[in-house]
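Asker:
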Amino acid sequence: MFLKPPPGVMNATATPISRQGTVLIVLALLAPFLLYLGTVRSIISVWNSSETFAHGYVILPISLWLVWRRRENFSLYPPRPWPPALLLLAVLGAGWLAAQLGEVQVVSQYTFVAMFPVAALALFGPRLAGSLAFPLLFLLFAVPFGEIFVAPLIQFTADFTVWAVRATGIPVLRSGTRFELPTGSWSVVEACSGVRYLISSITLGSLYAYLTYRSTMRRVLFVALSMVVPVIANGLRAYMIVMIGHLSGMALATGVDHIIYGWLFFGLVMFIMFWIGSFWREDVAEPSTSVPAPTTMPASVAQGAGTPFRVPAMVVGVVLVCAFWPALALLGERANHNPAPVRLADVAVTAPRTADFADWKPFYMAPDARFHQAYQAGSLPVSLTVLYYRNQDPEKNLISSMNRLSGYEDVWHEVESAARSETVAGTPLTLHEGILRTPQGAIMVWAFKWVGGHYTGSDYVGKLWQAANKAMLRGDDGAAVMLAVPYDNDKERARAALHRFLADQGSALDQALNATRTHQ
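Numbering follows numbering that gives the first Met the number 0, in which position 203 of the sequence shown is assigned residue number 202; successive positions increment by one, without gaps.
1. Tell me whether threonine 349 is buried or exposed, calling it buried when 16 or more other Cβ atoms sit within 10 Å of its Cβ.
2. Throw me the rounded Cβ distance for the tyrosine 238 and phenylalanine 159 pair, which I believe falls under 8 Å.
3. For the region 93-164, which segments carrying the alpha helix (DSSP H) assignment without a break, of at least 4 residues, lie completely within its bounds, in sequence order?
4. Please return the same chain residues whose Cβ sits closer than 6 Å to the Cβ of serine 506, not counting the five positions on each side in sequence.
5. Within this structure, are the beta carbons of phenylalanine 137 and leucine 87 separated by less than 9 Å?
6. Residues in its own chain within less than 7 Å of arginine 173 by CB, not counting five upstream and five downstream?
7. For the alpha helix (DSSP H) that proline 60 lies in, which residues bound it at each end?
8. If you draw a straight line from the C-alpha of proline 143 to the C-alpha of alanine 347, how long is it?
9. Buried or exposed for proline 170, going by 16 or more other Cβ atoms inside 10 Å?
10. For threonine 429, collect the residues of the same chain with a Cβ closer than 6 Å to its Cβ; drop the 5 residues on either side in sequence, then sort them by chain order.
11. If I measure Cβ to Cβ from tyrosine 212 and keep anything under 6 Å in the same chain, skipping five residues before and after, which residues do I get?
12. Quick one: residues in its chain with C-beta nearer than 7 Å to the C-beta of phenylalanine 32, no 5 flanking neighbours on either side, listed in chain order?
13. Please classify valine 103 as buried or exposed, where buried requires at least 16 other C-beta atoms within 10 Å of its C-beta.
14. With burial defined as no fewer than 16 other Cβ atoms inside 10 Å of the residue's Cβ, what is the status of tryptophan 464: buried or exposed?
15. Relative to the alpha-carbon of threonine 156, which residue among Ser277, Met114 and Ala232 has its alpha-carbon at the smallest distance?
16. Got a sec, what are the start and stop residues for the alpha helix (DSSP H) glycine 204 sits in?
17. Taking 7 Å as the limit between beta carbons, can you name the residues of its chain near asparagine 337, skipping five residues before and five after?
18. Could you tell me the alpha carbon to alpha carbon distance between glutamine 19 and phenylalanine 52, rounded to whole angstroms?
19. In angstroms with no decimal places, state the Cα-to-Cα distance between phenylalanine 111 and tryptophan 95.
20. Determine the burial state of glutamate 413: buried for a count of at least 16 other Cβ atoms within 10 Å of its Cβ, exposed for fewer.
21. Closest to proline 366 by CA distance: which of Tyr387, Val381 and Gly377 is it?
22. Give the straight-line distance between the Cα atoms of alanine 322 and leucine 34, rounded to the nearest whole angstrom.
23. Select from Ser184, Ala121 and Ala483 the residue whose C-alpha is nearest the C-alpha of alanine 376.
24. Using the three-state DSSP reduction, which class does methionine 272 fall into: helix, strand or coil?
25. Compare the C-alpha of leucine 383 against each of Glu394, Pro393 and His371 and name the closest.
26. For valine 105, which residues of its own chain have a beta-carbon under 6 Å away from its beta-carbon, when the five flanking residues on both sides are left out?
27. Let me know the beta strand (DSSP E) ranges lying completely inside the region 455-499, each 3 residues or longer, listed in chain order.
28. Helix, strand or coil: which one does DSSP assign to arginine 280?
29. Taking a contact to mean a Cβ-Cβ separation below 9 Å, would you say valine 117 touches alanine 166 in this structure?
30. Determine whether the beta carbon atoms of isoleucine 201 and serine 184 lie at a separation below 9 Å.
31. Give the DSSP bridge partners of tyrosine 388, in chain order.
32. What does a CB cutoff of less than 7 Å around alanine 496 pick up in its chain, not counting 5 residues either side in sequence?
33. Any idea what DSSP makes of valine 255, helix, strand or coil?
34. Using the Cβ count rule (16 or more neighbours within 10 Å means buried), how would you classify valine 255?
35. From this set, Val317, His245, Gly193 and Asn396, which residue's C-alpha is nearest isoleucine 24's C-alpha?
36. Under 8 Å by Cβ, that's how I've got glycine 477 and leucine 404 pegged, so tell me the actual separation to the nearest angstrom.
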């Protein structure tokens with residue numbers, strides 16, 4: 000026997016979405032792929048160029064599979080468009096535009112991917128979108144993020160390995176991330192950092208926790224474990240490889256087998272971690288396919304959910320909000336583009352020129368113009384390097400995680416770094432001080448940035464200045480400035496030479512940079 004609802008009350012499941020509405024929703028969720036095609040290409044480019052992020056190709060299929068597992072939710076909670084989500088979508092669009100202006104690729108990528116769960120919230124409503132929260136948010140793992148952890152992971156791996164080898168009783172001579180044993184030399188480079196293991200572990204750990212546990216606490220604890228375990232495991236892996244090489248007289252674990260041992264060890268660690276985690280599993284019951292007990296809501300609300308115009312109207316709203324920001328970015332890009340070739344003005348340094356004292360070159364993306372010259376400043380020579388950039392893009396960027404004083408596999412390697420307060424042309428700033436070494440000698444380097452007339456030693460502040468200049472249609476000209484001096488372990492002597500050169504020649508440097516910017 001069926002009971003008739005009382006007057007003014009309807010079953011919440013009585014207004015399922017129509018086929019036409021489903022097609023419109025799918026089109027709305029596909030629209031960002033076309034509207035933000037440049038960002039899509041940047042993501043795929045990183046997937047193709049780096050094995051660390053090759054897993055990005057499987058994230059969308061996994062997310063769709065997770066949604067498919069909860070497909071009954073579309074019947075239990077029919078889509079009810081939720082207009083407030085358009086405001087959040089607009090915030091993400093504004094964030095994407097700001098990131099484009101500042102050439103912060105990873106922020107552009109995250110804001111773009113985050114648009115999909117927010118668009119789903121706008122189209123589906125809080126109940127349905129909330130029931131699919133993890134499958135939607137899992138899309139964020141497609142963003143190739145993690146390069147920022149490479150340097151600290153390299154440092155940790157080197158610290159752990161040297162400590163473990165010394166604890167074994169073997170003498171170690173260390174210089175930065177390079178060290179020597181009686182049997183041979185070793186270096187911790189990017190491939191040894193463990194960032195691949197860390198990113199893979201977090202991705203797999205999050206998926207495993209979602210599928211295996213119901214308790215939020217257990218899920219959080221397992222994800223936290225998946226962050227800690229690969230870091231420790233990578234340290235053990237590096238120690239084992241060094242010991243295998245040492246005990247075999249450098250006959251083993253020094254070539255391709257080095258990588259094979261690493262992945263086999265990582266696979267074993269992940270298997271053990273998942274196996275241990277299975278003892279606390281909470282089997283998740285399959286979603287019920289039976290018709291749920293009728294829930295009630297005011298007739299006006301239920302009818303509003305099923306009115307024909309709400310879904311098409313929200314689809315139009317989502318597409319328009321998403322389309323606004325790329326259109327604005329296109330206009331800004333055209334206005335900021337400077338077709339004039341860079342003619343770097345000569346820096347009128349008053350100190351006499353001298354022969355270069357080091358074959359060091361900064362590990363930076365290729366600039367539009369480069370200036371390098373050594374001068375005799377008192378008792379020590381000082382070299383000045385200027386790398387100038389204009390019309391920047393992901394392949395030619397002044398401020399990037401790819402830019403460093405030295406590459407991980409360069410002959411020169413940075414063994415010490417510190418922040419130091421100085422003044423350039425009357426502008427106080429905190430610059431980067433680095434000590435770089437080779438077996439033949441060492442140099443001290445002071446590095447800072449000039450962005451559209453402003454000096455800074457902070458990459459974050461530099462990005463803000465770049466975004467502000469482009470927002471005001473002033474272009475994106477910028478330069479990296481580096482001063483170097485021979486270093487003989489007397490820091491105060493080296494610093495005094497650099498400070499004196501900066502004080503004497505800072506105005507000439509400032510005039511050259513500003514003249515280059517204004518020259519057409």
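All C-beta atoms, glycine included, are put in the ideal place defined by N, C-alpha and C.
Answerer: With the structure as the only source:
1. Exposed, by the Cβ-count rule.
2. Between phenylalanine 159 and tyrosine 238 the Cβ distance is about 7 Å, and since that is below 8 Å, they are a contact.
3. Counting only runs of 4+ residues, the alpha helix (DSSP H) found wholly inside the region 93-164 occupies 104-123, 125-130 and 132-136, in chain order.
4. Setting aside the 5 residues that flank it on each side, serine 506 is surrounded in the same chain by Ala424, each with a C-beta closer than 6 Å to its C-beta; the list follows chain order.
5. No. Outside cutoff.
6. Hits under 7 Å: Val161.
7. Here the alpha helix (DSSP H) through proline 60 covers 55-68.
8. Put simply, the backbone Cα of proline 143 is about 43 Å away from that of alanine 347.
9. Its Cβ having fewer than 16 others within 10 Å, proline 170 is exposed.
10. Closer than 6 Å at the Cβ level, and outside the excluded window around threonine 429, lie Ala418, Ser420 and Gly456.
11. Result list for tyrosine 212: Arg218 and Glu281, in chain order.
12. Here the set comprises Val39.
13. Valine 103 is classed as buried because its beta carbon has at least 16 other beta carbons within 10 Å across all chains shown.
14. Residue environment: tryptophan 464 is assigned as buried (16 or more neighbouring CB atoms within 10 Å of its CB, all protein chains considered).
15. Answer by Cα proximity: Ala232.
16. Residues 194-211.
17. The beta carbon of asparagine 337 sits closer than 7 Å to those of Arg389, Asn390 and Gly474, all from its chain and outside the five residues before and after it, given in chain order.
18. If you draw a straight line from the Cα of glutamine 19 to the Cα of phenylalanine 52, it comes to about 37 Å.
19. The straight-line gap separating the alpha-carbon atoms of phenylalanine 111 and tryptophan 95 is approximately 7 Å.
20. Buried is the call here.
21. Closest option to proline 366, judged by alpha-carbon separation, among Tyr387, Val381 and Gly377: Tyr387.
22. Those two C-alpha atoms are separated by around 6 Å.
23. Checked all of Ser184, Ala121 and Ala483; the closest Cα to alanine 376 is Ala483.
24. Assignment of methionine 272 by DSSP, reduced to helix, strand and coil, places it in the helix class.
25. Answer by Cα proximity: His371.
26. Excluding positions up to five away in sequence, the list reads Phe144.
27. Runs of the beta strand (DSSP E) spanning 3 or more residues and lying entirely within the region 455-499 occur at 477-485, in chain order.
28. In this structure, DSSP gives arginine 280 a state outside helix and strand, which the three-state scheme calls coil.
29. Not closer than 9 Å, so no.
30. Their beta carbons are not under 9 Å apart, which means isoleucine 201 does not touch serine 184 by this criterion.
31. Answer is Gly477.
32. Result list for alanine 496: Ala376, Gly377, Leu379, Val381 and Val484, in chain order.
33. Confidence in valine 255 is poor, its pLDDT being 49 and thus under 50, which makes the residue's placement too unreliable to answer from.
34. Because valine 255 sits at a pLDDT of 49, beneath the cut-off of 50, its placement in the model cannot be relied upon, and the point is left open.
35. Among Val317, His245, Gly193 and Asn396, the Cα nearest to that of isoleucine 24 belongs to Val317.
36. Wrong, their Cβ atoms sit about 17 Å apart, outside the cutoff.
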